[in-house]
Amino acid sequence: MSVEDNLFGIHGKALALRSQRLSLLASNIANASTPGYKARDIDFEAALKEATAQSSGATSTDMGKAVEDAMGYRVPLQPSLDGNTVELSTEQTLFAENAVKYRTTLSFLEGRINTINRALKGE
409 MSVEDNLFGI
419 HGKALALRSQ
429 RLSLLASNIA
439 NASTPGYKAR
449 DIDFEAALKE
459 ATAQSSGATS
469 TDMGKAVEDA
479 MGYRVPLQPS
489 LDGNTVELST
499 EQTLFAENAV
509 KYRTTLSFLE
519 GRINTINRAL
529 KGE
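In structure tokens:
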């Protein structure tokens, strides 16, 4: 187990995955009117499970593989005639939800880092 895993546990990997998911959802939103664009998303739970199951020396390439393995196309509730599968309201809701979870994870990590800093200073 790496030092990072000991200090931050699963939260460091979760933050990286949430960041990648935010980028993917933003890309879906940006392409809402692109004909033939297929909306994609990450199964966060599956990606996190794979990322945490990897060896302690996991690299960013390994994290990328976890994301790639957990990525899939979204099936639209209402298909459009031009082949675009982005449903703007769904994407915006998922983006907002993921952003809140990202911020929550970041706040937890900030608290952990502050605790470590206080311990190192002997406070």
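When we follow the working numbering, the leftmost residue of the sequence shown carries the number 409, and every step to the right adds one.
By construction, the Cβ of each residue, glycine as well, lies at the ideal position given by its N, Cα and C atoms.
Query	Result
According to DSSP, is Gly-558 part of a helix, a strand, or is it coil?	The displayed coordinates of the chain run from 409 to 531. Any statement about residue 558 would go beyond what the structure contains.
Based on Cα-Cα distance, which residue from Val-508, Leu-415, Asn-436 and Ala-507 lies nearest to Glu-495?	Asn-436
Tell me which residue opens and which closes the beta strand (DSSP E) that Ile-376 is part of.	For residue 376 there is no data in the structure shown, the boundaries of the chain being 409 and 531.
Taking the alpha carbon of Ser-441 as the point to measure from, which residue in Ala-422, Glu-499 and Lys-473 has its own alpha carbon closest?	Glu-499
Go ahead and pull the three-state DSSP assignment for Gly-444.	coil
Quick one: Cα of Glu-531 to Cα of Arg-448, how far?	47 Å
Closest by CA to Leu-502, which one among Gly-519, Leu-528, Glu-458 and Ser-427?	Ser-427
Using only the alpha-carbon positions, how far apart do Met-409 and Ala-461 sit?	Any reading at Met-409 needs caution, since the residue's pLDDT is 48, under 50, leaving its predicted position unreliable; the model's value is listed next. Looking at the two C-alpha atoms, the distance is approximately 11 Å.
Compute the distance between the beta-carbons of Glu-453 and Asp-477, then report whether it is under 8 Å.	no
Give the straight-line distance between the Cα atoms of Arg-429 and Lys-529, rounded to the nearest whole angstrom.	36 Å
Which first and last residues belong to the alpha helix (DSSP H) in which Gly-420 is found?	419–438
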